[in-house]
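Under my numbering, think of the first position of the sequence shown as 21, with each following residue one higher. Think of the CB as a built atom: it goes at the ideal place given N, C-alpha and C, for glycine as much as any other residue. Notes for the one structure printed next.
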Amino acid sequence: MSLFSFIKEAGEKLFGGKEAQAATPAAPSADALNAQAANAITTYIQAQNLGLEGLQVAFDGSQGKVTVQGAAPTQAAKEKVTLCCGNVASVQSVDNLMTVTNPEPEAQYHDVVRGDTLSAIAKKYYGNANKYPVIFEANKPMLTHPDKIYPGQKLRIPPQ
């Protein structure tokens, strides 16, 4: 599965999504705004130091869709790229076409809702609330602290 859906209004504010959706004649063109957004997302992904090769990011502001290509060293890195893209405000879907050098089983995903904690999510997926560090580590470096998750965020839940 390569197309993932996200909540458009939730996430990191890397660029002005409304401008990319409807450019006016006095404003930069939609293509220019889409390119700026793609560059911002690319910079954000590269800052995560996931060991990617040949990373290419395209953004279509009219659909809120990111398409990403390249090669990831692991399935976890590929999945983190999906989360990097999707957990950005104005992104509604991610089409991850990356290849994986060392394929592994795919993770599950969890959409954070109000009141969720990593402990509660760990209890749901693993049957043990004390396994929350596994989920935290699987979502680093996008997560900086186990208590800092927000509604609308999508988290990677790795296999046990």
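Checklist entry - Where in the stretch 114-170 do unbroken runs of the alpha helix (DSSP H), each at least 4 residues long, occur, reported from the N-terminal end onward? => result 138-146 and 152-158
Next on the checklist: Restricting to Cα atoms, I'd like to know which of P125, Q128, V88 and Y64 is closest to S236.
Outcome noted: The chain is shown from 21 up to 180; residue 236 falls before or after that span and cannot be answered.
Next on the checklist: With a threshold of 8 Å, are at least 3 pairs of Cβ atoms found where one atom belongs to the stretch 140-154 and the other to the stretch 81-100?
Outcome noted: Counting Cβ pairs under 8 Å, fewer than three are found: no touch.
Next on the checklist: With three or more C-beta pairs closer than 8 Å as the rule, is the stretch 172-180 touching the stretch 99-111?
Outcome noted: Yes, since at least three Cβ pairs between the stretch 99-111 and the stretch 172-180 fall closer than 8 Å, the two stretches touch.
Item to check | Span of the alpha helix (DSSP H), counted from its first residue to its last, around V101 | outcome: One-based indexing of the sequence shown puts residue 101 at position 81. Residues Q95 to G106.
Checklist entry - Cα-Cα, which of A52, P123 and N159 is closest to V132? => result Here residue 132 is taken as the residue at index 112 of the sequence shown, counted from 1. Nearest C-alpha to V132: N159.
Checklist entry - DSSP beta-bridge partners for V86? => result Counting from one through the sequence shown, the residue named residue 86 turns up at place 66. Beta-bridge pairing links V86 to F79 and V114.
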